[in-house]
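According to the working numbering, the sequence shown is numbered sequentially starting from 44.
For each residue, glycine too, the CB sits at the ideal point set by N, CA and C.
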Amino acid sequence: MDPKVEQFMARIKAKNPAEPEFHQAVQEVAESLIPFIEEHPRYKHAKILERMTEPERVIMFRVPWINDKGEVEINKGFRIEMNSAIGPYKGGLRFHPTVNLGILKFLAFEQVLKNSLTTLPMGGGKGGSDFDPKGKSDNEVMRFCQSFMTELSRHIGPDTDVPAGDIGVGGREIGFLFGQYKRIRNEFTGVLTGKGLQWGGSLIRPEATGYGAVYFADEMLKANGDSLKGKVAAVSGSGNVAQYTVQKLTELGGKAVTLSDSSGSVYDPDGIDAKKLAWVMELKNIRRGRIKAYADHFGCEYFEGKRPWHVKCDVAIPAATENEIEKGDAETLVKNGCKVVSEGANMPSTPEAIEVYLNARILYGPGKAANAGGVAVSGLEMTQNSMRLPWSREEVDARLQTIMKNIHQTCVDHGTETDGFVNYMKGANIGGFVKVADAMLAQGVV
Ligand code: NDP
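Right, dumping it as structure tokens:
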């Protein structure tokens, strides 16, 4: 490792102990940025990277609520307000039992660079709780969301901090959170994105992250004279991002052959077409069942406790969670002929897996670029809320496609190496950094 990166990381680890995911996210960025900062001393002297890795504010709170048996339950609540140099804090809320400070700091840090890449005026934040919505009744989820928002409402606002969904936070949870905010503040404002269409939401927001990850894969292929047409894709997860990834892949002439959840994965070599996807959406979004039911219903293979990376594919789109592709998985993907990895999830590939992609010179679109479509359309939802005018599906989708194309171009501009190979990870890190760093320089030491 570059000794300057090593020194920088030693300080990060000492100041933020026991936060391995945060260290991992910062190190990936530091490896791209420190050589760049050395060439641009104004960033070095103003300690921009040191400042960017320290959240502007961290809010941690108790979330007490009462379950259906009448018992008191207590969860932890968090909001990381990471960076507001280019706009109000913006980033999702995650409800999952694994949530802790380090995970949310990694997500908030990535979010700062991602939001900058979208070209929209959004700072970075992230929040959530160790609450597990799985197995809870709608009433329990509502009571939890109301208690969570009772505290969070003191810290957010349409010009301050605008949360959205993430793992475990979909349309149902955003509805309960918005209702409680409105009740406490007596304001109908665009304080959350991912809202329902009848109450301030944007068309294409639910689809945006998955669609964006597919558009990004297509852009990478097009830059190499190819396209998604006829490509076989392995997709992980079966939630919001995975579902709309499969939908757009099919629309663009590709074939998704896998889906997964935390229990296992299904392999359907005939492809998960529109009809089968509608069945998955009903299973996951309404019946809230397990993906194994797909294999039972459609008669295909199910791999208990396994991720889908062992199947033969041209394209991989991880859309479940962090570190879900390890070194061995990446080696198997490359060995089986996979040429494109477009990350729908945040930090789904371990550093060792990324090294495998880069050594094999495949097209690797990192999450902060490839999955930025979700927050981009959240930004468009904020614009529509401010104008109090909704845009059509076609208008939002066209803007999303333009944004994904522009992000791709930014990665090419900052990530093309002397031999012509595009290191999209480096391109995304530098491209995202410059705008935030210049704004921080202009705003003084704050
Ligand atoms: P959902 O909650 O809708 O779906 C998550 C899916 O991933 C589920 O199938 C879930 O399975 C699986 N999963 C979650 N945790 C694990 C785990 N530890 N191991 C294995 N599988 C797991 O979330 P989203 O689709 O919204 O988010 C997926 C990813 O995309 C996350 O990394 C998120 O940060 C990222 N992302 C999401 C955006 C959005 O707009 N929603 C925007 C940008 C990024 P199970 O049901 O068994 O838990």
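Closest residue to residue i among the options (Cα-Cα distance)
{"i": "Gly171", "options": "Phe149, Glu367, Gly135 and Thr161", "result": "Gly135"}
{"i": "Gly410", "options": "Asp181, Gly218, Ser429 and Ser385", "result": "Ser385"}
{"i": "Met95", "options": "Leu76, Asp111, Ile102 and Glu398", "result": "Leu76"}
{"i": "Gly178", "options": "Pro140, Leu156 and Lys157", "result": "Pro140"}
{"i": "Ser279", "options": "Gly387, Phe476, Ile227 and Ile210", "result": "Gly387"}
{"i": "Lys448", "options": "Glu347, Phe259, Pro164 and Ile329", "result": "Phe259"}
{"i": "Ala73", "options": "Glu49, Pro63, Ala57 and Pro60", "result": "Glu49"}
{"i": "Arg331", "options": "Gly211, Pro433 and Lys319", "result": "Gly211"}
{"i": "Gly208", "options": "Pro361, Pro78, Val234 and Ile109", "result": "Val234"}
{"i": "Pro361", "options": "Phe341, Val284, Asn402 and Ala419", "result": "Val284"}
{"i": "Tyr407", "options": "Ala256, Met125 and Lys157", "result": "Ala256"}
{"i": "Gly348", "options": "Ser306, Gly213, Leu240 and Glu437", "result": "Ser306"}
{"i": "Glu116", "options": "Ala68, Ser190 and Val399", "result": "Ser190"}
{"i": "Ile251", "options": "Gln444, His83, Trp352 and Tyr400", "result": "The sequence shown places Ala at residue 251, rather than the Ile named in the question. Nearest option by C-alpha distance: Gln444."}
C-beta atoms of residue i and residue j nearer than 8 Å
{"i": "Val323", "j": "Gly314", "result": "no"}
{"i": "Ala151", "j": "Pro201", "result": "no"}
{"i": "Met390", "j": "Asn414", "result": "no"}
{"i": "Leu423", "j": "Ser159", "result": "no"}
{"i": "Gly168", "j": "Ile129", "result": "no"}
{"i": "Gly475", "j": "Asn466", "result": "no"}
{"i": "Ser421", "j": "Arg350", "result": "no"}
{"i": "Met263", "j": "Val383", "result": "yes"}
{"i": "Lys327", "j": "Gly371", "result": "no"}
{"i": "Gly120", "j": "Phe65", "result": "no"}
{"i": "Gly501", "j": "Asp357", "result": "Beyond the ends of the chain as shown, which are 44 and 489, falls residue 501; an answer cannot be given."}
{"i": "Val275", "j": "Phe219", "result": "no"}
{"i": "Ala412", "j": "Ile473", "result": "no"}
{"i": "Val205", "j": "Lys133", "result": "yes"}
{"i": "Leu223", "j": "Thr193", "result": "Looking at the sequence shown, residue 223 is not Leu but Gln. Against a cut-off of 8 Å, the Cβ pair of Thr193 and Gln223 comes out as a contact."}
{"i": "Tyr310", "j": "Val377", "result": "no"}
{"i": "Lys87", "j": "Glu81", "result": "yes"}
{"i": "Gly239", "j": "Gly214", "result": "yes"}
{"i": "Phe138", "j": "Pro176", "result": "yes"}
{"i": "Ile446", "j": "Ala419", "result": "yes"}
Reduced DSSP category for residue i - H, G, I as helix; E, B as strand; rest coil
{"i": "Asn118", "result": "strand"}
{"i": "Asp481", "result": "helix"}
{"i": "Ala207", "result": "strand"}
{"i": "Phe138", "result": "strand"}
{"i": "Arg94", "result": "helix"}
{"i": "Ile247", "result": "coil"}
{"i": "Pro394", "result": "helix"}
{"i": "Thr236", "result": "coil"}
{"i": "Ala61", "result": "coil"}
{"i": "Asp304", "result": "strand"}
{"i": "Leu432", "result": "coil"}
{"i": "Met44", "result": "coil"}
{"i": "Lys404", "result": "Contrary to the premise, residue 404 reads as Arg rather than Lys in this sequence. In this structure, Arg404 counts as coil in the three-state DSSP scheme."}
{"i": "Ile217", "result": "helix"}
{"i": "Val72", "result": "helix"}
{"i": "Pro84", "result": "helix"}
{"i": "Ile102", "result": "strand"}
{"i": "Ile109", "result": "strand"}
{"i": "Val439", "result": "helix"}
{"i": "Gly458", "result": "helix"}
{"i": "Val489", "result": "coil"}
{"i": "Gly470", "result": "helix"}
{"i": "Gly200", "result": "strand"}
heavy atom of the ligand GDP below 7 Å from residue i C-beta
{"i": "His198", "result": "The model depicted lacks the ligand GDP and carries the ligand NDP instead."}
Assigned exposure category for residue i - 16 Cβ within 10 Å defines buried
{"i": "Lys265", "result": "exposed"}
{"i": "Ser180", "result": "exposed"}
{"i": "Trp242", "result": "exposed"}
{"i": "Met103", "result": "exposed"}
{"i": "Phe464", "result": "exposed"}
{"i": "Thr293", "result": "buried"}
{"i": "Ile199", "result": "buried"}
{"i": "Met425", "result": "buried"}
{"i": "Gly297", "result": "buried"}
{"i": "Phe149", "result": "buried"}
{"i": "Pro312", "result": "exposed"}
{"i": "Ile247", "result": "buried"}
{"i": "Thr253", "result": "For the record, residue 253 in the displayed sequence is Gly; it is not Thr. So Gly253 ends up on the buried side."}
{"i": "Gln286", "result": "buried"}
{"i": "Ala53", "result": "exposed"}
{"i": "Asn229", "result": "exposed"}
{"i": "Pro60", "result": "exposed"}
{"i": "Val142", "result": "buried"}
Interface flag, residue i vs chain D, CB-CB below 8 Å
{"i": "Gly168", "result": "Protein chains in the displayed structure number just one, and chain D is not present."}
Which runs of the alpha helix (DSSP H) at least 4 residues long sit entirely within the segment 306-391? Give them in chain order. Secondary structure within the segment 306-391: the alpha helix (DSSP H) runs of 4 or more consecutive residues, fully enclosed, are 317-324, 335-341 and 370-378 (chain order).
At what residue ranges does the segment 116-197 contain a whole run of the alpha helix (DSSP H), taking only runs of 4 or more? With a minimum length of 4 residues, the continuous alpha helix (DSSP H) runs that stay inside the segment 116-197 are 144-160 and 181-195.
Could you tell me which uninterrupted beta strand (DSSP E) segments, each at least 3 residues in length, are contained entirely in the segment 248-306, listed from first to last along the chain? Segments of the beta strand (DSSP E) lying fully in the segment 248-306: 275-278 and 301-304.
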